[in-house]
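Presented below is the structure to which this report refers.
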Amino acid sequence: MEKVSSNLRRVKTKFTTKEGLIGDYNYSQLFIPKIPIYSDWKQRKSGQMISTQPFFGLNDSMPVLLGAILGLQHALAMLAGIMTPPIIISGVANFDVDTTQYLVSASLIISGLLSMIQITRFHFYKTPYYLGTGLISMVGTSFATITIVTKAIPMMYVNGQCPTAEDGTLLPCPDGYGSLLGTAACCSLLEITLSFMPPKVLQRVFPPLVTGPVVLLIGTHLVESGMMNLVGGCGEGNVCVVGSHSAPWGSAQFIGLGFLVYVTIVICEKWGSPIMKSCAVIMGLLMGCIVAAATGYFSHAGIDAAPAVTFPWVKTFKLTVYGPAVLPMLAVFVVLMMEAIGDITATCEVSRTNVEGKEYESRIQGGVLADGLNGCLAALMTMTPVSTFSQNNGVISITKCASRTVGYWCCFFLIIMGIFAKFAAALVAIPRPVLGGMTTFLFTSVAVSGIKIIATTPFTRRDRFVLTASLMFGIAAVLIPDWFSYVFTYDGDNGGLQGFFDAIVLVMETGFAVTGFLGVILNLFLPQELDDNMTADMDVYEQQIVTDDVAVSSSSEDNKSADRGDVKLNTFKAEA
């Protein structure tokens, strides 16, 4: 009873006092942009340095207003990534506006709900296993699934599994989407199982040399869809209708709208306030929408027709398993697992918690398990798999706030955004050139993340060979999407055999999948060897040690230095 009274007093203090509501945080530093020339002049005139903000740990108490503002900042930083996959998937499956709006709302709600699992961190009774990281590990709809959808659903139209009108018009394919959801729910069991393996074993089987090229190709493939929208969205040689305007695909006005988004993002990064920098993509999207609305490229008909509120399962899809998509979907969950490990490590670092030891390994195990379980739950809640979002680590670093309270505020805002369907309708109504300007930037950042992962490898001769051999067919699949479509010429009525052929074609034409499988096989098959350059470096290093030993062998202190040189040489050899 005494504990309950203490908690009530704490809550009352939180919401009835200035310290509890506002605190003494320097809010202006979050919002005031860096104005060119003026900001530097003002700082020199005042002679004051930029104030240092306090750091809030995982469980630190913080003012209500600050928690809400930083939670909204996290939500805005995620918004572009959450809304993009359902909009693109809806376009591939030819869904109507109502279904597209529903999927965007569901994506927001699901991201908020499933992020709570990662933030809360549950402990399995009398076991060393956890569920969740206990950090601000926000999750959102993954981009990796888009690549599978853009290959699998067109294949379903060709095979008759998705309906086509008599005049050849592609009709909505909810059953095809449902089959991919069912496939994802089943394939998520792989990541759930792998979460109970030691992190060192996982990193040995799936090192950066394997996962880096996969992430690179996912981003590279997605850039194509982003640019298609940026230049009009209706396909080469067609006349695109955007709002009240119509113009040929690739017209200057379409490219201008997309380029405006790009320029705004760059300006925010250069001169924006901390909140503007972390939400630069959304600022670019907002500027593009304002200009598009002012010039007649924005249509509000869908917003007017949208319901006031919505929730998952307002629309449902029949869950089945699409056999040809199983292997690529398994590759997706391996990528999501390695992405989660990297993101959790980065979150631990910016949150000032251990990045090694039992606590760190338990966060990795709990985070990967939650990631796999969230993938299954997302599919059951009518959305493709989710993954941890790395952009939130940047928000933590900028704001110096790792408090889980902010994470819960972020979940609250995401759920509210999703429930109010008018908000999702406004996102769906964004003109394609504006949307393309934003998504192309996001997808390119995915490709850059892959390059960053690859850069962590030592690049021995063997590593370069594995990277080349695994990327060969992946890059080919990105540049020539149908390169394997004419290998099998079977046209009989054996559905099982046709499905087997479709599975092979889908894997070979999905760049990241074929690269991932080849990377795992080659990495385990080819042994690591000393590179010629590494051997030469060791020879030079050894010769330098010998020279130093001869020069300083006259004193006992110098002999100690030589001994330290031998230790360094042995360490260098061991690392090589």
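The sequence shown lines up with residues 317 to 892 when you count with the numbering used here.
Virtual Cβ for every residue (Gly too), placed ideally from N, Cα, C.
Start-to-end residues for the alpha helix (DSSP H) that takes in A610: 596-610
Mind the definition here: the segment 622-629 touches the segment 678-695 only if three or more C-beta pairs lie below 8 Å; say whether that holds. no
Mind pulling the beta strand (DSSP E) runs of 3 or more residues that sit fully within the segment 478-520? none
Excluding the 5 residues preceding and the 5 following F817 in the sequence, name in chain order all residues of the same chain whose CB lies nearer than 7 Å to its CB. F804, Y806
Determine the DSSP secondary structure at D865, reduced to helix, strand or coil. Because the pLDDT at D865 is just 45, under 50, the model does not fix this residue reliably, and the value given afterwards should be weighed accordingly. Looking at D865 - three-state DSSP - the assignment turns out to be helix.
Does the beta-carbon distance from P401 to T700 come in below 9 Å? yes
Three-pair Cβ contact test at 8 Å for the segment 417-432 versus the segment 754-768: no
Should F302 be labelled buried (16 or more other beta-carbon atoms within 10 Å of its own) or exposed? Residue numbering for the chain in the displayed model covers 317 to 892; residue 302 lies beyond these limits and cannot be assessed.
Kindly list the residues whose CB is nearer than 6 Å to the CB of F372, restricted to its own chain and excluding five residues on each side of it in sequence; keep chain order. M378, C717, S719
Measuring CA to CA, which of L685, I712, Q477 is closest to I385? I712
Three-way DSSP call (helix, strand, coil) for S703 in this model: strand
Taking the CB atoms as reference points, tell me whether G753 and L546 lie closer together than 9 Å. yes
Residue nearest to L838 in terms of C-alpha spacing, selected from G673, A741, L510, M788: M788
Do A501 and T461 have their C-beta atoms within less than 9 Å of each other? no
Straight-line Cα distance separating V380 from A568: 47 Å
Going along the chain, which residues of its own chain have a beta-carbon closer than 6 Å to the beta-carbon of I731, five neighbours each way excluded? I425, G428
What is the DSSP secondary structure of C664, counted as helix, strand or coil? helix
Could you work out which residue in T415, F614, A608, T457 is closest to G688 when comparing CA atoms only? T457
Rounded to whole angstroms, what's the CA-CA distance from M824 to P623? Just pull it up for me. 42 Å
Suppose only complete runs of 4+ residues qualify. What are the alpha helix (DSSP H) ranges in the segment 397-448, listed by chain order? 413-436
Where does C727 sit, in a helix, a strand or coil, going by DSSP? helix
If you draw a straight line from the alpha carbon of R299 to that of G476, how long is it in whole angstroms? What the structure shows of the chain is the stretch from 317 to 892, and residue 299 is not part of that stretch, so it cannot be assessed.
Mind checking which residues open and close the beta strand (DSSP E) that includes S615? No beta strand (DSSP E) contains S615, which DSSP labels as neither H nor E.
DSSP three-state call for V722: helix, strand or coil? helix
Please say whether L652 and S706 have beta carbons closer to each other than 9 Å? no
Residues near P488 in its chain [Cβ-Cβ closer than 6 Å; skip 5 each side]: N410, F411
Applying the 10 Å Cβ sphere with the 16-neighbour rule, what's the burial state of Y341? buried
When you compare each of L388, L395, A393, T463 to V794 by their alpha carbons, which one comes out closest? T463
Residues that F372 bridges to, as DSSP identifies them: C717
Can you check the segment 788-825 for any alpha helix (DSSP H) of at least 4 residues that lies completely inside it and give the ranges in chain order? 811-825
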